[in-house]
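Undergrad: Chains as they are written, first to last, in my numbering: chain X, 4 to 117; chain S, 8 to 120. Cβ coordinates follow ideal geometry from the N, Cα and C atoms, glycine included. Keep in mind it's a predicted model, so treat the numbers as computed, not measured.
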Amino acid sequence: AQSVTQLDSHVSVSEGTPVLLRCNYSSSYSPSLFWYVQHPNKGLQLLLKYTSAATLVKGINGFEAEFKKSETSFHLTKPSAHMSDAAEYFCVGLMNTGFQKLVFGTGTRLLVSP
Amino acid sequence: EPEVTQTPSHQVTQMGQEVILRCVPISNHLYFYWYRQILGQKVEFLVSFYNNEISEKSEIFDDQFSVERPDGSNFTLKIRSTKLEDSAMYFCASSVTSANEQFFGPGTRLTVL
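(1) Determine, for S/PHE56, whether the minimum Cβ-Cβ distance to residues of chain X falls below 7 Å.
(2) Count Cβ pairs between the segment 31-50 of chain S and the segment 93-112 of chain S that sit closer than 8 Å; are there 3 or more?
(3) Given that a residue counts as buried once 16 or more other Cβ atoms are within 10 Å of its Cβ, and exposed if not, what is S/ASP93?
(4) By alpha-carbon positions, which one of X/GLY46, X/ASP88, X/HIS85, X/GLY108 ends up nearest to S/SER16?
(5) Under 6 Å from any heavy atom of the ligand NAP, does the C-beta of S/PHE39 make it?
(6) Could you tell me whether the Cβ of S/GLY114 comes closer than 7 Å to any Cβ of chain X?
(7) Buried or exposed for S/GLU51, please, with buried defined as at least 16 other CB atoms from any protein chain shown within 10 angstroms of its CB.
(8) Just list the residues that DSSP pairs S/GLN53 with in beta bridges.
(9) For S/LYS49 and chain X, any beta-carbon pair shorter than 7 Å?
(10) Among S/GLN13, S/GLU8, S/THR12, S/ILE27, which has the Cα closest to the Cα of S/SER88?
(11) May I ask you to list, following chain order, the residues of the segment 34-52 of chain X that have a beta carbon less than 7 Å from some beta carbon of chain S?
(12) For S/GLU60, count neighbouring C-beta atoms within 10 Å of its own C-beta (all shown protein chains included) and say buried if the count is 16 or more, exposed if not.
(13) Exposed or buried, X/ASP88, counting other C-beta atoms within 10 Å across all chains shown (16 or more means buried)?
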């Protein structure tokens with residue numbers, strides 16, 4: 004993807020309620036898209052990836068994302084939030100410039116309250 | 008499970024000094040990358056490295072920066088003369104091929120005083 008836009012800088016949910024983190028992409032070709040998570044003082048961990056196979060992608064820790072070409076979206080969802088989900092989430096696109104480089108969104112901080 | 012490691016976890020240096028950030032990519036990976044994240048900003052691509060040469064670099068990666076794979080396991084980022092604005096978290100990543108997902112290390116927090 005040539006650019007990715009994360010629509011919310013912060014999302015707050017209560018434990019046990021659904022999570023929705025929004026991402027839109029811009030690309031002139033079929034994109035590869037990823038969601039990474041960053042816990043405080045930790046590195047970036049891959050949650051899931053879309054590479055033009057199934058449009059509904061399942062990842063780790065109960066997260067999933069749906070690629071919608073008509074809406075140029077790749078939103079991340081989880082049916083029931085857990086306290087340990089509190090972290091920064093990045094929507095990331097892969098730019099095909101001969102050698103791949105990742106293009107990051109600005110990130111969404113997920114806050115989970117008891 | 009194999010992982011990317013980075014040392015040191017935190018580096019404090021004086022402006023104008025040289026720093027070397029070290030990374031050990033996953034052993035069977037062939038593509039290596041550096042990214043940085045200035046506090047409060049998005050993660051930015053710096054450089055990619057394959058077959059012992061730079062394959063792509065961003066406009067941030069100017070003559071003050073260099074990368075090297077000095078042996079079969081380490082991958083380093085050198086900043087020749089650090090500036091205050093180089094203060095950031097630097098992430099190393101590696102991948103098996105250019106099309107595979109990139110695995111990130113925990114980062115090195117560089118503070119330039």
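TA: On the basis of the coordinates in this document:
(1) Reading the second sequence from its first residue, position 49 is the one you call residue 56 of chain S. Chain X contact via Cβ: absent.
(2) Contact holds: three or more Cβ-Cβ distances are below 8 Å.
(3) Mapped onto the second sequence, residue 93 of chain S falls at position 86. The residue in question, S/ASP93, is buried, as its Cβ has 16 or more Cβ neighbours within 10 Å.
(4) In the second sequence, the residue the question calls residue 16 of chain S occupies position 9. Answer by Cα proximity: X/GLY46.
(5) Inclusion of the ligand NAP in the displayed structure is not the case, the ligand content being empty and no account of it being possible.
(6) The residue you call residue 114 of chain S lines up with position 107 of the second sequence. Closer than 7 Å: yes.
(7) Within the second sequence, residue 51 of chain S is the residue found at index 44, counting from 1. Buried, because 16 or more other Cβ atoms sit within 10 Å of the Cβ of S/GLU51.
(8) As a position in the second sequence, residue 53 of chain S is number 46, starting the count at 1. First, the amino acid is wrong: residue 53 of chain S is Leu here, not Gln. In the DSSP assignment, no residue is bridged to S/LEU53.
(9) As a position in the second sequence, residue 49 of chain S is number 42, starting the count at 1. At least one chain X Cβ lies under 7 Å of S/LYS49.
(10) Here the question's residue 88 of chain S lines up with position 81 in the second sequence. Of the candidates S/GLN13, S/GLU8, S/THR12, S/ILE27, the one whose C-alpha sits nearest the C-alpha of S/SER88 is S/ILE27.
(11) PHE37, LYS45, GLY46, LEU47, LEU49, LYS52
(12) As a position in the second sequence, residue 60 of chain S is number 53, starting the count at 1. Exposed, since its Cβ has fewer than 16 Cβ neighbours within 10 Å.
(13) Position 85 of the first sequence, counting from 1, holds the residue named residue 88 of chain X. With 16 or more other Cβ atoms within 10 Å, it is buried.
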